[in-house]
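Only one structure is covered here, and it is reproduced in the block below.
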Amino acid sequence: MTTEKPSKAEDEYFTKMELERKRTWEQERSEKMALEERQKLKDLHFMKCPKCGMDLHEFELHGISLDRCVSCEGTWFDSGEVEQLIQGHDKGLLSRVMSVFK
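Below, the structure is given as structure tokens:
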């Protein structure tokens, strides 16, 4: 029985297939690591003041939950909360909201 060597074309085909498999695996691994890293950063910064890094505590203002820093007393709005506050209330609201920041 003779053993036949694979042809050059076969060698190239299997080498390309192996390379593509490794590339796909590496891309999936990188995507998974990036997702895990984003989650770690989110967990690390959740409810922390963007100015000083201390804890934020929620308080309610006209039915909208805002975040206030216990250290620097900064008040933070999530996306869309300012618009909700302005649209949902009377014109004197803006002056009352501004009083929170004094």
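Per this note's numbering, the sequence shown starts with residue -10, numbered consecutively. Every residue, glycine too, gets a C-beta built ideally from N, C-alpha and C. A quick note: this is a predicted structure, and the numbers were derived from the prediction, not measured.
The DSSP-derived three-state label of H34 is helix. For E70, the enclosing alpha helix (DSSP H) covers residues 70 to 76. The stretch 53 to 62 and the stretch 70 to 77 touch, with no fewer than 3 CB-CB distances between them shorter than 8 Å.
Take R12, set aside five residues on each side of it, and no residue of its chain has a beta-carbon closer than 8 Å to its own. Note on geometry: alpha-carbon atoms of K40 and G63 lie some 8 Å from one another. Annotation: the continuous beta strand (DSSP E) that includes S54 extends over 53 to 58. Secondary structure at F3: helix, using DSSP grouped into helix, strand and coil.
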